[in-house]
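Residue numbers (the working numbering): 780 to 1254. Glycine is no exception: its CB is placed at the ideal position from the N, C-alpha and C atoms.
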């Protein structure tokens, strides 16, 4: 289906200015099997740790060891994200994405045959390396192959497939044992390898390597045989003429106005994504369901949350190129702030000993609304914008920094959350996250520009002060 004869393409007279979208969506879906693989890695501890910590476990795990089994993915992700940008610039986005299938698959094989906790640690570290690298390279690739009219939709596929991977693990984890879940999880990186290897390299990368003919062929593949690639190809060449350097240092990142703004925006969105309280809400989902009088099995409760995330991440992808990034981020942050404030008030009353049985439905509504608006905004859009904000010469390095920041916060939040609950209790913890979401709302309003409908060239001009000067002056 997607092995197009490029010689036939070159013999067709291009005549349209809007490309076909099929191949762009196909390549993005195939690439985001890497995101789905990352989702299975993240969710694996949820169904498996209780099994490993049970009295009849064949591989006994203590609570402290269980914490490290969960947290080592974040450690590996930090280590994997650091070189991923450089590797993508050195060897190409396509080769790095294909290569991710190896560590993902290796981690599941180690888990399948593990006879000690140490081997589980190793498996999770290896899986983390692949997860961190995928968070850098896959959004980069998608941002470079997508037309501006659908770049938001394609960019949201990363978060969508991540949540699909999480739900995949929740569903099969509820039905399968340790061995079969590892086998079924190993299927995903195999699917990445089998499907993605036929996809072309990013045209932006090929132009950067002075492979103009290959870039033209790649662009024609993604846009269709009737699309006139000349103008888009010229824009890519102009961008790289302005920005190409052999090496990019941290000083280069902060000395250039456009890159500095892009870095502030990307880092800010990543920070607020992880400090939004999403992990706290998911952690307390089962308790909140119980408080509402629900008798749902905890596995069913987590599956419901997973389904809600998938549905509304899909909705975000469908509307982001029409509604815009800013309005979805503003709605997401402000409504999350409100939901967290209400949850904090609920736990404040509950901890005081007040009768909250007649308002148990309120926190249940808050959790579902929170998950909905997170999935519409702060779930997918930080990944999406990281893939579209940076100029070609700094994209690899800057994306690695943004993703490392994200995973560092994942590690910190994972290890500090229980301590936070001990010190602040539930109500002040939720109020703290509500306060952070309030700051996130202000950050989006004053700092984050609208990139809807803009080409990568136009985004760079805007960041350098070409238009929207009121908002550009903030950073």
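In the structure shown, residue 984 falls within a helical segment according to DSSP collapsed to helix, strand and coil. Burial check for residue 1173: the Cβ neighbour count within 10 Å reaches 16 or more, so the residue is buried. The count of Cβ pairs closer than 8 Å, one atom from the stretch 1032-1049 and one from the stretch 899-916, stays below three, leaving the stretches out of contact.
Boundaries of the alpha helix (DSSP H) harbouring residue 1088: 1077-1102, taken from the DSSP string.
Between the stretch 1137-1151 and the stretch 1073-1088, the count of Cβ pairs shorter than 8 Å is three or higher; the stretches touch. Between residue 808 and residue 893, the alpha-carbon positions lie close to 32 Å from each other. If you draw a straight line from the Cα of residue 1120 to the Cα of residue 885, it is about 43 Å long.
No beta strand (DSSP E) of 3 residues or more sits fully in the stretch 1117-1198. When the five nearest sequence neighbours on each side are left out, the beta carbons in the same chain lying within less than 7 Å of the beta carbon of residue 861 are those of 1179 and 1183, in order along the chain.
Less than 8 Å divides the Cβ of residue 1108 from the Cβ of residue 1160. Under the three-pair Cβ rule at 8 Å, the stretch 829-841 does not count as touching the stretch 858-875. If you look at residue 976, you'll find it isn't in any alpha helix (DSSP H); DSSP assigns it neither H nor E. Contact check for residue 982 against residue 923 passes: the beta carbons are separated by less than 8 Å. By the criterion of a C-beta distance shorter than 8 Å, residue 1055 is surrounded in its chain by 1112, 1115, 1153, 1157, 1212, 1215, 1216 and 1219, once the five residues flanking it on both sides are discounted. Here residue 1002 is buried: its Cβ has 16 or more other Cβ atoms, across all protein chains shown, within 10 Å. By the Cβ rule, the stretch 968-984 counts as touching the stretch 807-822, because three or more pairs are nearer than 8 Å. Between the alpha carbons of residue 800 and residue 870 lies a gap of roughly 26 Å.
Residue ranges of uninterrupted alpha helix (DSSP H) with 4 or more members, entirely inside the stretch 1225-1249 and ordered along the chain, are 1235-1242. When 912, 902, 920 and 930 are compared, the shortest CA-CA separation from residue 1100 is found for 930. Taking 8 Å as the cut-off, the Cβ atoms of residue 1222 and residue 1051 count as close.
Excluding sequence positions up to five before and after residue 1229, its CB lies within less than 8 Å of the CB of 1103, 1104, 1105 and 1247, all in the same chain and listed in chain order. By the Cβ-count criterion, residue 1035 is buried, with 16 or more other Cβ atoms from all chains shown falling within 10 Å of its own Cβ.
Judged by their CB atoms, residue 1080 and residue 1092 are not nearer to each other than the 8 Å cut-off. Counting the other CB atoms within 10 Å of its CB gives residue 1240 a total below 16, which places it among the exposed residues. Inclusion of residue 1185 and residue 1053 in the CB contact set at 8 Å is warranted, their separation being smaller than that value. Counting the other CB atoms within 10 Å of its CB gives residue 1011 a total of 16 or more, which places it among the buried residues. For residue 936, the enclosing alpha helix (DSSP H) has its first and last residue at 930-954. Counting only residues of its own chain and dropping the five nearest sequence neighbours on each side, residue 993 has a CB closer than 6 Å to the CB of 985. Judged by beta-carbon spacing, residue 921 lies beyond the 8 Å limit of residue 819, meaning their Cβ atoms are not closer than that value. Restricting attention to 1123, 1130 and 916, the CA atom closest to the CA of residue 1142 is found in 1123. A distance of 8 Å or more separates the beta carbons of residue 829 and residue 953. Taking every protein chain shown into account, the CB of residue 883 has 16 or more other CB atoms within 10 angstroms, so this residue is buried.
For residue 927, there is no enclosing alpha helix (DSSP H), since its DSSP letter is neither H nor E.
Pairing residue 832 with residue 840, the inter-Cα distance amounts to about 5 Å. Between residue 891 and residue 961, the CB-CB gap stays under 8 Å.
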